[in-house]
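Enquirer: Pasting a structure here, questions to come.
If you want it as structure tokens, here you go:
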């Protein structure tokens, strides 16, 4: 089975956000992976801890065909350096994996499907 890793921010760890709508969107996104018979692992990081260690450990846990990097990491300008580090960790730990970008937690499977199959 094709395996995908989704890397994003843990909505429960973000100040000023209600995590429930994001959790619901993540659940819908997970269901879409099942619909397409894709195995999906999620690495949802906190900015307070060491997200790079969590990402590196997740990348080492399996052989991924694709890594989807979420918009929370990718589009929030103060996180530009984290985004760069995540991309380079993917290149280092999963060099054969395609890198994809989603527009919301709901469409992670669609982002991965552009590169796998």
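In this note's numbering, the protein residues as written are 3 to 119. Glycine included, every Cβ here is placed at the ideal spot set by N, Cα and C. The structure presented is a predicted model; accordingly, all values stated were derived computationally and were not measured.
1) Kindly confirm or deny that the segment 92–99 and the segment 40–48 touch, where touching means at least three C-beta pairs closer than 8 angstroms.
2) Ignore the nearest five residues each way along the sequence and tell me which others in residue 58's own chain have a CB closer than 7 angstroms to its CB.
3) Could you tell me whether the Cβ atoms of residue 111 and residue 34 are closer together than 8 angstroms?
4) Classify residue 82 as buried or exposed, calling it buried when 16 or more other Cβ atoms lie within 10 Å of its own Cβ.
5) Taking the alpha carbon of residue 86 as the reference point, which residue from 64, 62 and 54 has its own alpha carbon closest?
6) Measure the Cβ-Cβ separation of residue 6 and residue 60 and say whether it is below 8 angstroms.
7) Taking 8 angstroms as the threshold (C-beta atoms), are residue 27 and residue 106 in contact?
8) Please report the straight-line C-alpha distance between residue 113 and residue 88, rounded to a whole angstrom.
Expert: According to the data block:
1) no
2) Taking the first residue of the chain shown as 1, we reach residue 58 at position 56. Only 91 and 95 meet the Cβ criterion.
3) Counted from its first residue, the chain shown places residue 111 at position 109. Counted from its first residue, the chain shown places residue 34 at position 32. Yes; because the gap between Cβ atoms is below 8 angstroms, this pair is in contact.
4) Counting from one through the chain shown, the residue named residue 82 turns up at place 80. Exposed, since its Cβ has fewer than 16 Cβ neighbours within 10 Å.
5) Reading the chain shown from its first residue, position 84 is the one you call residue 86. Checking every option, the nearest Cα to that of residue 86 belongs to 54.
6) In the chain shown, the residue the question calls residue 6 occupies position 4. In the chain shown, the residue the question calls residue 60 occupies position 58. No; because the gap between Cβ atoms is not below 8 angstroms, this pair is not in contact.
7) As a first step, residue 106 is located in the chain shown; it is residue number 104 there, counting from the start. As a first step, residue 27 is located in the chain shown; it is residue number 25 there, counting from the start. Yes, the pair counts as a contact, with Cβ atoms nearer than the cut-off.
8) Looking up residue 113 in the chain shown gives position 111. Looking up residue 88 in the chain shown gives position 86. Roughly 17 angstroms between the two C-alpha positions.
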